[in-house]
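Residue numbers (this note's numbering), protein chains in the order written: chain A, 17 to 295; chain B, 13 to 70.
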């Protein structure tokens, strides 16, 4: 009798342990599946500072992401069928014109990597050669609006926020409840599908999304060609670079005006020259 | 009726204000107004001719 009771207790105990183990295994698998669930969103990016409309090069872009991090890339050779000429002149709706010299795309493109655990962004762009910046995630104080619209098969909600001198409207979807977005825009309760500033000088538009996806595009740290040096510059370095270029450009313009005997040129306005103006 | 609608649509979308952004590759299309010049992502100043824009980046 005692032996039977001991046997029963032993089996019950084992059953309880097994049950707990199964529950633990189930939640671990769930967590793993959620973390591993990967998505890819395709966008178009038109950057046209000073043009008062979306009138710059229209480049393909994609954002690949999971629960932990995201990777955005545009101006990448492999994403463009027709590479832009070395010099292109774009015309806006209001007689503004701009000339871009130098190729628009590169092997690795302009990239933004966002890691949620580290709460930081790493990014690269062309600025007389490739520059590489690491910064704490910029906090955008988004104001959520009640307005909604359909983008693709998604219900998108409107939000408005300021980021480096411009006021952006972003459309995000709660159907993909992750805080990512194209370029450096992030921090909403759902994936940003479309975003633009008031003048549409930075215009990011939605093309398609696969979530979940089996696409093999890696969610990688910013990649760089072999010849580029290692290391990262700060956001303050970037601001200094931009400011310095404005002073240099203005000084050249004054010299040219003196040579031509024309009027002294107006000083360039930071916000009309660069998308991120720090003012 | 269908033809009229198609012609109307062509007419509307051909109107300059609908043209939006466009690449102007022919220098003769440019007005004499200054335009911003960027060399490899860096603002270089204002130019009034394509040649001047090219020179600014060299």
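For every residue, glycine included, the Cβ atom is placed at its ideal position computed from N, Cα and C.
- DSSP places residue 268 of chain A within a helical segment (H, G or I) once states are collapsed to three.
- For residue 182 of chain A, the pairing in a beta bridge is given by DSSP as A:179.
- In the DSSP secondary-structure assignment, residue 63 of chain A is bridged to A:218.
- Shown here for residue 109 of chain A: same chain residues with a beta carbon closer than 6 Å to its own, the five before and five after excluded, namely 69 in chain order.
- For the pair residue 58 of chain B and residue 53 of chain A, the Cα-to-Cα distance works out to about 48 Å.
- The residue from A:66, A:60, A:55 with its alpha-carbon nearest to that of residue 289 of chain A is A:66.
- Distance from the Cα of residue 202 of chain A is smallest, within the candidate group A:115, A:216, A:286, A:186, for A:186.
- Burial is judged here by how many other beta carbons sit within 10 angstroms of a residue's own beta carbon; residue 62 of chain A has at least 16 and is buried.
- Going by DSSP, residue 289 of chain A is part of the alpha helix (DSSP H) stretching over 286 to 289.
- Not flagged as an interface residue toward chain A: residue 63 of chain B, since no C-beta distance is shorter than 8 Å.
- In terms of Cα proximity to residue 188 of chain A, the closest of A:205, A:142, A:275, A:120 is A:205.
- Under the three-state reduction of DSSP, residue 96 of chain A is assigned to coil, being neither helix nor strand.
- 261, 262, 265: these are the residues of the region 255 to 266 of chain A whose beta carbon lies less than 7 Å from some beta carbon of chain B, given in chain order.
- DSSP places residue 210 of chain A inside the beta strand (DSSP E), whose first and last residues are 207 to 213.
- Judged by DSSP in its simplified three-state form, residue 166 of chain A adopts strand.
- Residue 133 of chain A counts as exposed, since fewer than 16 other beta carbons sit within 10 angstroms of its beta carbon.
- Within chain B, no C-beta atom comes nearer than 7 Å to that of residue 182 of chain A; the closest sits roughly 17 Å away.
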